[in-house]
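Worksheet: one structure, shown below.
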Amino acid sequence: MLNRANNLQAIILAGGEGTRLRPYTTVLPKPLMPVGNYPILEIVIRQLKRHGFRHIVLSIGYHYEIFRAFFQDGKKWGVQIEYSIEEQPLGTAGPLRLVKNLEDNFLVMNGDTLTDLNYSELYNTHLREGSNMTIATKNRAVKIDYGVIRCDQNMELLSYTEKPELEYTVGMGVTIFSKRLLELIPVGERYDMPNLVNEMIRRGIPIRCFPFDGYWLDIGRYDDYKIAIEEFSENKKRFLGVEDDIQDTIV
9 MLNRANNLQA IILAGGEGTR LRPYTTVLPK PLMPVGNYPI LEIVIRQLKR HGFRHIVLSI
69 GYHYEIFRAF FQDGKKWGVQ IEYSIEEQPL GTAGPLRLVK NLEDNFLVMN GDTLTDLNYS
129 ELYNTHLREG SNMTIATKNR AVKIDYGVIR CDQNMELLSY TEKPELEYTV GMGVTIFSKR
189 LLELIPVGER YDMPNLVNEM IRRGIPIRCF PFDGYWLDIG RYDDYKIAIE EFSENKKRFL
249 GVEDDIQDTI V
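The sequence shown begins at 9 in my numbering and counts up one residue at a time.
Spelled out as structure tokens, the structure:
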């Protein structure tokens, strides 16, 4: 058993059904979909370990027995893995109320994210700034595949832009939490991260952003999943760094 007092804590949200990747996720949970020789969740766990997060809680629901059978106690990866099981879907913030023995500050992230984010830098920035919540953010361009028209109130055309590309700042699904925020999350109810963030804004509770300009991809859609496989295969060292003596695995 690892000494939790000397290790950072991460909660990985892996309870979704992955409906956008069906039929693949009918049998296999999305975080266990293979990317190269690894399930995407194993890549995440290996990365977290490298950054000092060795106490990991998997928040699971759908096909939870498969996660337990594969990762067991985490010893193989040099981490301590515990499990928090949702009896019913609780969204992206609600499951945090089920996790026991949370540290004063902890990382929360989705289990289907491929990125080379420096998790320890994110965590240390959160502590240094004394933040309530620190959200990793990424600028993302969105191409509109239509001609976009603007009209005035009299329906006179003002502008016509063919297939514009818009840029937004988006959340990466990686956040550092202060434990004191848990009191804002209802117990036993579905409650998503946007609900929590908007409630914090309503109450005037400051939230910090952590801009990131490296690689990030949410593999929730099939097209993105294919891209993730290609990117990881070509840049394995970028995502995993120097490999240790852990053997390659695949579900």
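Beta carbons are placed, not taken as given, at the ideal position from N, Cα and C, and that holds for glycine.
Since we're looking at a predicted model, the values are computed, not measured.
Could you give the distance in angstroms between the alpha-carbon of residue i and the alpha-carbon of residue j?
i	j	result
residue 55	residue 247	7 Å
residue 111	residue 174	39 Å
residue 64	residue 141	19 Å
residue 16	residue 153	43 Å
residue 186	residue 138	9 Å
residue 87	residue 51	13 Å
residue 177	residue 168	24 Å
residue 60	residue 130	12 Å
residue 191	residue 125	29 Å
residue 227	residue 189	28 Å
residue 135	residue 232	33 Å
residue 198	residue 204	11 Å
residue 216	residue 201	15 Å
residue 76	residue 38	15 Å
residue 100	residue 162	43 Å
residue 92	residue 171	45 Å
residue 107	residue 155	48 Å
residue 73	residue 82	15 Å
residue 19	residue 123	17 Å
residue 95	residue 146	33 Å
residue 133	residue 114	13 Å
residue 80	residue 213	38 Å
residue 159	residue 237	43 Å
residue 127	residue 36	27 Å
residue 239	residue 44	9 Å
residue 104	residue 121	19 Å
Taking the continuous alpha helix (DSSP H) assigned at residue i, which residues delimit it?
i	result
residue 220	Neither: residue 220 is in no alpha helix (DSSP H) and is coded neither H nor E.
residue 198	Counting along the chain, residue 198 falls outside any alpha helix (DSSP H), and DSSP gives it neither H nor E.
residue 245	244–248
How would you write the range of the beta strand (DSSP E) that residue i sits in, first residue to last?
i	result
residue 176	173–186
residue 205	From DSSP, residue 205 is part of no beta strand (DSSP E) but of the alpha helix (DSSP H) over 201–211.
According to DSSP, which residues form a beta bridge with residue i?
i	result
residue 65	19, 90
residue 133	DSSP lists no partner for residue 133.
residue 47	42
residue 155	170
residue 193	Paired residues: none, contrary to the question.
residue 146	178
residue 216	142
residue 226	121
According to DSSP, simplified to helix, strand and coil, what is residue i?
i	result
residue 42	strand
residue 52	helix
residue 101	coil
residue 122	strand
residue 232	helix
residue 74	helix
residue 262	The first residue shown for the chain is 9 and the last is 259, placing residue 262 beyond what the model contains.
residue 115	strand
residue 84	helix
residue 95	coil
residue 57	helix
residue 106	helix
residue 31	Low per-residue confidence applies at residue 31: pLDDT is 45, beneath 50, and the placement is therefore not dependable enough to give any value.
residue 9	Since pLDDT at residue 9 reaches only 44, below the 50 mark, its modelled position is unreliable, and the value read off the structure follows with that caveat. DSSP places residue 9 in coil when its eight states are reduced to three.
residue 240	helix
Tell me whether residue i, by its Cβ, gets closer than 6 Å to a heavy atom of the ligand ATP.
i	result
residue 206	Absence of the ligand ATP is noted for the structure shown, with no ligands found whatsoever.
Could you tell me whether any Cβ in chain B is nearer than 7 Å to the Cβ of residue i?
i	result
residue 176	Checking the listed chains, one finds no chain B in this structure; it contains a single protein chain.
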